[in-house]
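Engineer:
Protein chains in written order, with the numbering used here: chain A, 426 to 657; chain B, -4 to 621; chain C, 20 to 503; chain D, -13 to 140.
(1) So, with DSSP's three-state summary, where would you put residue 55(D)?
(2) Report buried or exposed for residue 391(B), applying the criterion of at least 16 other Cβ atoms within 10 angstroms of its Cβ.
(3) When Cβ atoms are compared, which residues of the region 435 to 447 of chain A fall closer than 7 Å to chain D?
(4) Does residue 576(B) pass the burial test, meaning 16 or more other C-beta atoms within 10 Å, or should it be called exposed?
(5) At which residues does the beta strand (DSSP E) containing residue 242(B) begin and terminate?
(6) Roughly how many angstroms separate the alpha carbons of residue 365(B) and residue 377(C), rounded to a whole number?
(7) Secondary structure at residue 115(C), three-state DSSP: helix, strand or coil?
(8) Quick check on the burial criterion: 16 or more other C-beta atoms within 10 angstroms. Buried or exposed for residue 21(B)?
(9) So does the region 586 to 606 of chain A actually touch the region 629 to 640 of chain A, counting three or more Cβ pairs closer than 8 Å?
(10) Under the rule that 16 or more other beta-carbon atoms within 10 Å means buried, what is residue 516(A), buried or exposed?
(11) Would the region 149 to 164 of chain C and the region 78 to 88 of chain D be scored as touching if the rule is three or more Cβ pairs under 8 Å?
(12) Examine the Cβ distances between the region 128 to 144 of chain B and the region 54 to 64 of chain B and report whether three or more of them are shorter than 8 Å.
(13) Could you give the DSSP three-state label for residue 91(C): helix, strand or coil?
(14) Could you tell me whether the Cβ of residue 516(A) comes closer than 7 Å to any Cβ of chain B?
(15) Residue 219(B) CB to nearest chain D CB: under 7 Å?
(16) To the nearest angstrom, how far is it from the Cα of residue 30(C) to the Cα of residue 440(A)?
(17) Since I believe residue 192(C) is in contact with residue 130(C) (beta carbons under 8 Å), could you give me their beta-carbon distance rounded to a whole number of angstroms?
(18) If you draw a straight line from the C-alpha of residue 435(A) to the C-alpha of residue 611(B), how long is it?
(19) What are the uninterrupted segments assigned as alpha helix (DSSP H) that are 4 or more residues long and contained completely in the region 528 to 577 of chain A, given in chain order?
(20) Exposed or buried, residue 120(C), counting other C-beta atoms within 10 Å across all chains shown (16 or more means buried)?
(21) What does residue 605(B) touch in chain A if you count any residue whose Cβ is under 8 Å from its own?
(22) Pull the bridge partners of residue 53(B) from the DSSP assignment, please.
(23) Quick one: what's residue 626(B) bridged to in DSSP?
(24) Mind listing which residues of the region 85 to 106 of chain C have their C-beta closer than 9 Å to chain A's C-betas, in chain order?
(25) Name the chain D residues whose beta carbon is nearer than 7 Å to that of residue 599(B)?
(26) In whole angstroms, what separates the C-alpha of residue 136(B) from that of residue 537(B)?
(27) Verify the CB distance criterion: does residue 651(A) have a CB-CB separation below 7 Å to chain E?
(28) Interface residues of chain B around residue 431(A) at Cβ under 9 Å?
(29) Could you name the residues of chain D that residue 490(A) contacts, counting a contact when the two beta carbons are closer than 9 Å?
(30) Quick one: give me the first and last residue of the alpha helix (DSSP H) that residue 196(B) is part of.
(31) Which word fits residue 432(B), buried or exposed, when buried means at least 16 other C-beta atoms lie within 10 angstroms of its C-beta?
(32) What do you get for residue 579(B), buried or exposed, if any count of 16 or more other CB atoms within 10 angstroms of its CB means buried?
(33) Just the chain B side, please: which residues come within less than 8 Å of residue 415(C) by C-beta, in chain order?
(34) Please report the distance separating the alpha-carbon of residue 26(C) from that of residue 81(C).
(35) Can you tell me which of 143(C), 262(C), 272(C) and 258(C) puts its alpha carbon nearest to the alpha carbon of residue 226(C)?
(36) Within a Cβ cutoff of 7 Å, which residues of the same chain sit near residue 485(A), ignoring the five residues on either side of it in sequence?
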């Protein structure tokens, strides 16, 4: 099929797709979500988990297993990227250091980003945010210095260490409840007062593990791409 | 409990394993002979049990898989074909036991595949339900493939073609037995036989077509016949004659079982084809008639002796099926008897031809001639064989053909009788070509030193020819075996005596016929030797043509274009629509393959996803419940 | 909650834990990491077997985190799930990656594949299934490119693009289901489906889910990644992907069909897809020019058979699907072992039987079984499939006819190769097999023969598994005891 | 629900769903009509965003609050929190896949020296030279494979 033919065909099919998807979506009850499960969770979450942020309660409590999978996917992607890039032509990288401004800003930003990331992780059960968002900020904290001075690459083994321990911690927290005869990932520790920093039982611990894992994984992943990506 | 049938099957299995292990041994042929002889004895014992009033000899072997029971037992029909199988195995092993064996590079495979084929066929003829029938059928098909493909080269090509035909047939059969199970709830023969009259007409037709096509491929009924001649011809000697003699008859066995025993000729005759005067049975009868005629005339055009005989095998299968489909006791007896007779003379013929090939290294009819002086016993075998093939007295082929013709007359089907005569005419013409081009006329210079076939090969040939003569002289011997087969079919027996059959409108007594014939030959010999004997013996190269002396290096043995006039007449039939259909099918598969393959090589794979989602949603919008 | 319920989580979590620890363990030597990975896979086989024997007709259910269904995520372990947990682990054990194809990272990805795959078959929650599906997908993208072969990267990227787009479709499908039913628990959806998902929305959701999961399940037309990936990936990866992983996606489609989408329109949609998949796969294989691609196309066709089996109503269809899938899981990896050595044009295979008689003999055995020649297991699988189809009649009979015709084409391309192998070598001889090269295939060949001998008990066991998997009522009752 | 709120909901709904569909369509267009693999990946990112938007939109309720309990007040209407959690997960998954895709992209560029899908497809389709028609079932057909390749790649 030649280029124009395919473009035309694509556009036609796309137009059809748009029209049909629109028809499909319009048939859904917009603004009147059935909330079959959602409503029940909203009413029960504070009591059952002690987290003020119900999304967090879902992420770590009701659907904590999803979150484990989610963390795993980042880990898989990082491992796979490491595997794929392991043979890439590192070595002839353009290792031009960043300018003065970038370097100075990187040094300056680093502590702020770390603190901000930590804050977001630790308050994940109270306010918007959590392990993923905080982890991403943490990753940025370590990634920006790398952009500033590419010659001093990230210490991958430390990152891997943090990654491994954080991932293990998540599962060990989950397994801990198994040992007490509860189901996997059942929250434990006291639920505390709704809205307090030290509340919601083991949920913040999970978020901490997630934060560390996401942070180290993202930083490692991006660092790897930067390390080999200079050439192309 | 281990019964006779189990002993037989275990023996066949041990023979297969043993001959595969010890097949390279120089005594492998004798081991095989002993094993097949023992099997034949067991089969004869089974026959005694059956003629003693038992309906079937069961096997202790039984499995139940996924709730489907599978059983094995041998009834009269199966017994008849089992006897042919072990007998043919015996003669093939005999042929392979001496000098032939020494000359073969792949003894192990020849012996092993022969034993495997015997085992598979015994398994098939003793199947007790549709599931075991299908299993046996598949094993027979693949065992034959293993036998055909052994030599590689053109044999492998022909075998692959056979395989595809056989598998297509097997798939039709598979569909058939599954439809039977859906309709009756089990694979049992009895349930099917009980239920089939009450099935919807459409189901009956579907089953009839599927079974006929599935089994017909093995029988090589037109239009499923293209594979057979090349596949059988390129197989090495004894194996080829075994395949020719009995392998294709497995299709006949299965067709008889399903169409005659289970469905019954009356049921088939009741399945009318709308707007014509055909019904299922008569349509198949006419297909059979075509099968008798077309392959026979194709045989006529062959220049390879093996191919010529193999093509005849297809046509002869038509006679057998014709007799069986007539459905009267006489027709059935004729068809089954022809199966037996054909096995004897066709095997003798193939063995004789392979003896010639063994000595001269060629089967090309244009490259042979005048071998009568070099290989006289082979000549006698071939002569007796072609008399049987052409259906002339005193050989046994005459008796069975006579019975088939008579049954057609008695059921008032003269047109089919004419078709059978046309086929026989072609047979006579082509077998004359066979014997003429090999044994008569000028002896080739390069064959001047050719020796007669060794005794190990001559003896089985002559024995087979002898059986052909004896059962022609005293057809009652063979007909009493046919009785056992017929008793399993529920149509009734054909009364007979040692010399033939008595019918109200004309009987046949071969004792008299052969006697008269011998007497007539005696009279002829008297006249020839004592009254007008003007002959004297000269060298084969002492020849004259048009008054000119012909030296040995001048070729005058006319074998090219043996029947030019006839060839012009039947030429259009020769390369017919069947070949074109086969080619068209191949091309279709290839084109579809390229189309499908092209789909997978397209660079923009997400495009398909877009198309699929769009079309899928369109379909959802059109057919989904709103 | 039955006694084995808490162990449901272990086949997922233990390999996951191992995968997280593997890079750390590797500091003490790659061999140790390899050993740990293999031990965990063996443990998973054991766990699968334990689950199989613990659950009879009554499945094990566990509500993760103690949050009862449908609020939380449940794991549902019946014999079907146990079977595939074990099969996946066995596949990973036999085809554990070689050190030269990625080392510890490949071990990690394989463990993750095992964890994700186990989660995929055990999970009873639609979105959770999606998450595990993604784990499996991403791990296989990585493994597909791990050969270091030049073609690997392009093929893997093509695979990734298609797979990611398919995942988006799945997400839309899940969104549609959630928007209509307001729940993600499969049992809960099953309960609400007749009321909420019987219309256009439900059908569209099914279409999107089938097309999305179909990328992994090798359904036409979202399977265009298959030939290139299977030709370029390391043999061990190809064996696992073709042999096991593709079936896991089929298990998901099975659950969806049994529980949620049983309206005739959905069934006929899947049937159409299945028939086209079979035809496209077999015919493309007929014209394929090397062994790897031949088997890749053949694998597509076999998965089409599985999909077709799924459309056959009641237990018969599910039994057929399991039987065909299991048989293919034994046969196809062995084929790929042979293809790994015999690369290049088919004409170059002449003389193979002389160079490597064991491989040639094994090839014939596998070919016979996959064509469906009795008494090999492939025949029984086809018998159940076609028997079910003819029992159902109508369009199913047509589909069965297509399958039968495709079988002839299948035999044509497989035995064409067999004929080639037995021809005398024309030029360069085909590669020789060291015992270690062929041993995985020989092992699978032995499994095939053993299965032939024990086909009756295996059939009974699978029938039981199929019957319980087909029982949507008991699924809902087990997961939502209070809400029937 | 007040009539105003209903009206708002309807318009918002059309806008949100329309936006989601538009994002998906643009993304798919980039994936099917462009040759550059980088653009294909960007298209993929767009499709994922569109899907996420759709998911979030499902949970919308007019005049409802974000699902966070402030000051212990639990009886205010809230939007459905579940799709939000799902979208969080979906985003992270998308990030992982895209990162892996970027890594592969680097290797593709490095290996083939191009990001053009046609060139990559040509490389992949470079099969064993012998098209090898069936033994014994020789077919007179032309090697259609080459023509298909040429068609799709030019």
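Glycine residues also receive a C-beta, built at the ideal position from the N, C-alpha and C atoms.
Structural biologist: Let's see:
(1) Sequence index remark: in the fourth chain, residue 55(D) carries index 69 (1-based). In this structure, residue 55(D) counts as coil in the three-state DSSP scheme.
(2) The residue you call residue 391(B) lines up with position 396 of the second chain. Buried is the call here.
(3) 435, 439, 442, 443, 446 and 447
(4) If you number the second chain from 1, residue 576(B) lands on position 581. By the neighbour-count rule (16 or more Cβ atoms within 10 Å), residue 576(B) is not buried but exposed.
(5) Position 247 of the second chain holds residue 242(B). Looking at the DSSP string, residue 242(B) is not in any beta strand (DSSP E), and its letter there is neither H nor E.
(6) The residue given as residue 365(B) occupies position 370 in the second chain. The residue given as residue 377(C) occupies position 358 in the third chain. Near 49 Å, if we compare the C-alpha coordinates of residue 377(C) and residue 365(B).
(7) One-based indexing of the third chain puts residue 115(C) at position 96. Coil.
(8) Along the second chain, one-based indexing puts residue 21(B) at 26. Looking at its Cβ environment, which holds fewer than 16 other Cβ atoms inside 10 Å, residue 21(B) is exposed.
(9) yes
(10) Position 91 of the first chain, counting from 1, holds the residue named residue 516(A). Because residue 516(A) carries a pLDDT of 47, less than 50, the predicted location of this residue cannot be relied on, and the following value inherits that uncertainty. It is exposed - the Cβ of residue 516(A) has fewer than 16 other Cβ atoms within 10 Å.
(11) yes
(12) no
(13) Translated into the one-based positions of the third chain, residue 91(C) becomes position 72. Looking at residue 91(C) - three-state DSSP - the assignment turns out to be coil, as it is neither helix nor strand.
(14) The count along the first chain starts at 1 and reaches residue 516(A) at position 91. Summary for residue 516(A): the model assigns pLDDT 47, below 50, so the residue's position carries little reliability; its value from the coordinates is reported in the next sentence. Closer than 7 Å: no.
(15) In the second chain, residue 219(B) corresponds to position 224, counting from 1. Residue 219(B) does not count as touching chain D.
(16) Residue mapping note: residue 30(C) aligns to position 11 of the third chain, counting from 1. Residue mapping note: residue 440(A) aligns to position 15 of the first chain, counting from 1. Near 45 Å, if we compare the C-alpha coordinates of residue 440(A) and residue 30(C).
(17) Residue 130(C) sits at position 111 when you count from the first residue of the third chain. Residue 192(C) sits at position 173 when you count from the first residue of the third chain. That pair is no contact at about 29 Å.
(18) Along the first chain, read from residue 1 onward, the residue named residue 435(A) stands at position 10. Along the second chain, read from residue 1 onward, the residue named residue 611(B) stands at position 616. When rounded, the distance between both Cα atoms is 15 Å.
(19) 556 to 573
(20) In the third chain, the residue the question calls residue 120(C) occupies position 101. With 16 or more other Cβ atoms within 10 Å, it is buried.
(21) Here the question's residue 605(B) lines up with position 610 in the second chain. Simply 435, 438, 439 and 442.
(22) The count along the second chain starts at 1 and reaches residue 53(B) at position 58. Answer is 68(B), bridged to residue 53(B).
(23) As shown, chain B starts at -4 and ends at 621. That puts residue 626(B) outside it, with no answer to give.
(24) 85, 86, 89, 90, 91, 92 and 94
(25) Locating residue 599(B) in the second chain gives position 604, where the first residue counts as 1. Simply 18 and 103.
(26) Indexing the second chain from 1 puts residue 136(B) at position 141. Indexing the second chain from 1 puts residue 537(B) at position 542. Cα to Cα, residue 136(B) sits roughly 52 Å from residue 537(B).
(27) Looking at the structure shown, chain E is missing, and the protein chains on hand are A, B, C and D.
(28) As a working mapping, residue 431(A) is identified with position 6 in the first chain. Those are 599 and 602, listed as they occur along chain B.
(29) As a working mapping, residue 490(A) is identified with position 65 in the first chain. In chain order: nothing, as chain D lies at least about 11 Å away.
(30) By 1-based counting over the second chain, the position of residue 196(B) is 201. Unbroken alpha helix (DSSP H) run through residue 196(B): 196 to 214.
(31) Counting from 1 along the second chain, the entry for residue 432(B) is found at position 437. Flag for residue 432(B) reads buried.
(32) Mapped onto the second chain, residue 579(B) falls at position 584. By the neighbour-count rule (16 or more Cβ atoms within 10 Å), residue 579(B) is not buried but exposed.
(33) Here residue 415(C) refers to the residue found at position 396 when the third chain is read from its first residue. Residues of chain B passing the Cβ test: none, with the nearest at roughly 10 Å.
(34) By one-based count along the third chain, residue 26(C) stands at place 7. By one-based count along the third chain, residue 81(C) stands at place 62. C-alpha separation (whole angstroms): 9 Å.
(35) The residue labelled residue 226(C) in the question sits at position 207 within the third chain. Residue 272(C) is the option with its Cα nearest to residue 226(C).
(36) As a working note, residue 485(A) is residue 60 in the first chain. 492, 628, 631 and 632.
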